[in-house]
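Following our numbering, the numbering of the sequence shown begins with 1038 at its first residue and continues without gaps. For every residue, glycine included, the Cβ atom is placed at its ideal position computed from N, Cα and C. Note sheet for the following structure.
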Amino acid sequence: MPRRKKMDEPMEQIKKIKTPPLVKGMKDVLPSDNKYWRILVDGLTQAATDFSFQWIDTPILERFDLYAHTIGRNSDFVRKDIITFVDKNEKVAIRADFTPAVMRSFIEHSLHNQSMPVKLWYGGSIMTQGEHYESKHRQMYQMGYQVYGVSSPAADAELVVMIYQTLVAMGLTPYVKVNSLGGLTGRVEYAKALTGYIKSRRSAICTECRSQATRDPFKFLACANQKCAKQIEDAPQIVDYLSEDEHSHLFRFLEALDEVKVEYEMDNSMVPDFGYFGGTVYSIYNRSEDGEKVLLAQGGRINHLSEMLSGPEMPACTMSLIVEKVISEIKNRKIEVPKAKSPHVYLAQLSEQAKRRAMQFVDELRREDFRVVANFSKDSLKSQLDTATKIGAKIVLILGQKEALDGTILMRDVESGIQEVVNIKKVIAEIRKILYKR
1038 MPRRKKMDEP MEQIKKIKTP PLVKGMKDVL PSDNKYWRIL VDGLTQAATD FSFQWIDTPI
1098 LERFDLYAHT IGRNSDFVRK DIITFVDKNE KVAIRADFTP AVMRSFIEHS LHNQSMPVKL
1158 WYGGSIMTQG EHYESKHRQM YQMGYQVYGV SSPAADAELV VMIYQTLVAM GLTPYVKVNS
1218 LGGLTGRVEY AKALTGYIKS RRSAICTECR SQATRDPFKF LACANQKCAK QIEDAPQIVD
1278 YLSEDEHSHL FRFLEALDEV KVEYEMDNSM VPDFGYFGGT VYSIYNRSED GEKVLLAQGG
1338 RINHLSEMLS GPEMPACTMS LIVEKVISEI KNRKIEVPKA KSPHVYLAQL SEQAKRRAMQ
1398 FVDELRREDF RVVANFSKDS LKSQLDTATK IGAKIVLILG QKEALDGTIL MRDVESGIQE
1458 VVNIKKVIAE IRKILYKR
């Protein structure tokens, strides 16, 4: 049996250090931001349920080659942004984008043997050390959807509608930009034409675009330099290099957006940085009153991604967003998001015995789909009733020691002020009566 310390023995001192600050580029999601996360994540989750998508998750670590090969080994994103380290002589990358990771999982676990279409959705942290996602943070939360086995533009339109309608519900004013990158053959021909155009205008184009003319001529189309902006207007158009099937897919996609009344515009300069995109591509922006445009979501056809990873030929499309970017836009526009639904019931308890019974009863109420709040750390009835009022509970149940012994409970209808003692076995039916009246 351990020896008890004498009262006069000195207390062991707690060793203290200064609180280590947050690592640069990381972030905490605080309770004050919960309302924004809740409405966005819940909206995207509900859309996944409504459109019959299945959840998938991938590890936070992937082999570096997965990103290098699918995004582009010479791309700025792969060379500068992906966080890597060597583990047992193998180069490993921290997850920087879900799309290649989900496709890797799709192939590795033979999901292509399932009946098509396979519709997947995901959400989780990604990390980069650059500014590709236009965020000051290195860690972000990405959510998105992927559809496999469908070549029809209806699948692309479905992805756009899911995210577009969620953003509208949050009070944003989104619109869609559309382009087509064509197939592999057409894109090579277009890249040659664009490179030739850039070289022919060398004196009128910025230094960076001139230097990247051969390695990545598509960067020129997105250049923000005023010098280049004037030249972009006369640049070759990728639509002139599309095959008949690619033309058809693009315009049927636009017709589908017209059908569901989604606002869009064509943008020949929109070329995603990631090499796994091909064919029709689309992005969702928010338009503010001052005309500023903020990119919120991005997606498109990834028909060749499976084959790039030695998987089967597989038509597919994807679309994703960065949660923090959407929340930042909502805050910047000072948009009021809907408040969380107030609880149906607040359960107050007045003794240890009542608390034990209340813990069991809370579970029973929640199984009946009631929104219930209880605070087992508070003993004061007044304090508990104040909390019930503050959170807008519609019904207050009070369980004391006497009620716990009698098998009864005190029920108060907050709106009418009517209060009565009810047999605890009948209280669920009584709650439904009160809520149903409203």
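Residue environment analysis places residue 1096 among the exposed positions, since fewer than 16 neighbouring C-beta atoms fall within 10 angstroms of its C-beta.
At a Cβ-Cβ threshold of 9 Å, residue 1250 and residue 1232 count as neighbours. Runs of the beta strand (DSSP E) lying entirely within the region 1277-1339, each at least 3 residues long, are 1301-1303, 1317-1324, 1330-1338 in chain order. Secondary structure at residue 1209: coil, using DSSP grouped into helix, strand and coil. According to the DSSP secondary-structure assignment, residue 1433 is paired through a beta bridge with 1383, 1449.
Given a length threshold of 3 residues, each whole run of the beta strand (DSSP E) inside the region 1072-1150 is given here in chain order: 1098-1100, 1121-1124, 1127-1131.
Exposed is the label assigned to residue 1428, since fewer than 16 other Cβ atoms lie within 10 Å of its Cβ. For residue 1156 and residue 1318, the gap between their C-alpha atoms comes out near 18 Å. Sequence-distant Cβ neighbours of residue 1074 in its own chain, meaning closer than 8 Å and more than five residues away, are 1066, 1360, 1364.
The criterion of a C-beta distance shorter than 9 Å is satisfied by residue 1258 and residue 1306. With a cut-off of 8 Å on Cβ pairs, the region 1186-1201 is not in contact with the region 1115-1132, counting fewer than three such pairs. A direct Cα-Cα distance of roughly 11 Å separates residue 1466 from residue 1460. By the Cβ test, the region 1159-1167 is not in contact with the region 1261-1270, since fewer than three Cβ pairs between them sit closer than 8 Å. Between the alpha carbons of residue 1280 and residue 1227 lies a gap of roughly 12 Å. Taking residue 1152 as reference, the option from 1184, 1176, 1142 with the minimal CA-CA separation is 1184.
Going by C-alpha positions, residue 1125 is about 25 Å away from residue 1347. Close CB contacts of residue 1382 within its chain, under the 8 Å cut and outside five residues either way in sequence, are with 1402, 1407, 1408, 1409, 1410, 1430, 1431, 1432, 1433, 1434, 1468 (chain order).
No Cβ-Cβ contact shorter than 9 Å links residue 1358 with residue 1398. Looking from the CA of residue 1229, the closest CA among 1278, 1173, 1134, 1441 belongs to 1278.
In this structure, the CA atom of residue 1136 is about 39 Å from the CA atom of residue 1240. Going by DSSP, residue 1390 is part of the alpha helix (DSSP H) stretching over 1389-1404. In this structure, residue 1098 sits near residue 1132, with a CB-CB distance shorter than 9 Å.
Per DSSP, residue 1369 has no beta-bridge partner at all. Residue burial annotation: residue 1449 is buried, with at least 16 other C-beta atoms found within 10 angstroms of its C-beta. Residue state for residue 1054 is assigned as coil, using DSSP reduced to three classes.
Closest option to residue 1103, judged by alpha-carbon separation, among 1093, 1115, 1188: 1115. Distances from the CA of residue 1386 to each of 1370, 1412, 1176 were compared; the closest alpha carbon is that of 1412. Of the candidates 1310, 1390, 1301, 1310 places its Cα closest to the Cα of residue 1111.
With fewer than 16 other beta carbons inside 10 angstroms of its own, residue 1271 counts as exposed. Secondary structure note for residue 1457: its beta strand (DSSP E) is the uninterrupted segment 1456-1460.
If you look at residue 1421, you'll find it in the alpha helix (DSSP H) that goes 1418-1428. Of the candidates 1246, 1283, 1388, the residue whose Cα lies closest to the Cα of residue 1268 is 1246. The Cβ atoms of residue 1372 and residue 1209 sit closer than 9 Å to each other.
In the DSSP assignment, residue 1181 forms a beta bridge with 1159, 1357. Taking 3 residues as the minimum length, the region 1229-1266 contains no beta strand (DSSP E) run wholly inside it.
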